[in-house]
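To keep things clear, I will list the structure first and then write my remarks on it.
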Amino acid sequence: GQNIDQPTEMTATEGAIVQINCTYQTSGFNGLFWYQQHAGEAPTFLSYNVLDGLEEKGRFSSFLSRSKGYSYLLLKELQMKDSASYLCAVRDFAHDYKLSFGAGTTVTVRA
Amino acid sequence: KAGVTQTPRYLIKTRGQQVTLSCSPISGHRSVSWYQQTPGQGLQFLFEYFSETQRNKGNFPGRFSGRQFSNSRSEMNVSTLELGDSALYLCASSLDGVGGGSYEQYFGPGTRLTVT
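What follows is the structure in C-alpha cells.
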C-alpha cells in the first residue's frame, strides 16, 4: 500500500502564501492528485501531477518530485474561502490504480 | 452536465440493521468508487466498479458490498451495522481509472450514516 503524510493543520493570513507538503511511499507511482474539501462538502479536484515539476493553475500550484516521493500544493494570495481541508492522493498501478488519500491538511485563513 | 448524486443524504440506523446507499455518476462516466470518511481515519477506499464489475477492493470486512448496474449507477450495502460504521460515505465517478491519465474523480455530496 501507500504511506501518505501531510501536516494536520496550518494557519495563514489573508493575502499570504501557504505551502502544504505531502510525502508518499508507493511501489507503482501513477499520479498524484490534490483535492480541496470544505467542511460538510465533498472533495473537489484541484490538480494532477504525474511528471516532475510545477503545475500552475491560477492561485494554486502543485509540485512533484518522484525521486523524493514528495509533492507540495502552493496557495497564493490566500482568501478566506480557501479555509478548507486539502487532501493529497496517490494512484498506484501496483495496486490496480487504486487512489489512496492522505489524512488531509486543514488550512485556516485568518483576516 | 449534472454532477454525481447520492441518496439518501442522511440516514440513521441501529446496530444490527442493514443499509443500502445509492450513487448516480456523471453521465458518460463508467467508473464508480466508494469511500468511507471519518474524522480519525480520513478517506478510506472501499471498492471500485467499472462496467458492472468490481475492479478494486479496499481492506473492509465482507459486511461491505456493492454492485453496479448497466447504466453505471452503483449501490453499496452494509449489513449487520456496527457503531463504528458511522461515517460519511462518498461516491466518486470518473471516465476511467485504468491506465493512468488525469482521470480525476468527481465526488458526490455523500451520505451521512449514523449508527446508534
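Taken in order, these protein sequences are the chains called C and F.
Quick note: the first sequence, position 92, residue 92 per this note's numbering, numbers continuous.
One rule links them: number in this note's numbering = place in the second sequence (from 1) + 1000.
All C-beta atoms in this analysis are idealised placements derived from N, C-alpha and C, irrespective of residue type, glycine included.
All values derive from a computational prediction rather than experimental measurement.
- Spanning the alpha carbons of F1064/F and T13/C requires a straight line of approximately 43 angstroms.
- K57/C does not reach chain F, its nearest Cβ partner there being about 12 angstroms away, counting only Cβ pairs nearer than 7 angstroms.
- Nearest neighbour of F1050/F by Cα position, chosen from N1071/F, T1038/F, F1060/F and Y1035/F, turns out to be N1071/F.
- Under the 10 Å beta carbon count, F33/C is surrounded by 16 or more other beta carbons and is classified as buried.
- For Q1037/F, the CB contacts under 7 angstroms within the same chain, skipping 5 residues up- and downstream, are L1043, A1087, L1088 and L1090 in chain order.
- By alpha-carbon distance to N30/C, the top candidate from G104/C, Y97/C and S62/C is Y97/C.
- Cβ-Cβ separation between I4/C and V90/C: approximately 6 angstroms, consistent with a contact (criterion under 8 angstroms).
- Y1010/F: member of the beta strand (DSSP E) spanning Y1010 to K1013, first to last residue.
- The C-alpha of L1083/F lies about 39 angstroms from the C-alpha of L78/C.
- Taking all protein chains in view, the Cβ of L87/C is crowded by 16 or more other Cβ atoms within 10 Å, so the residue is classified as buried.
- Per DSSP, K57/C is one residue of the beta strand (DSSP E) stretching across G53 to K57.
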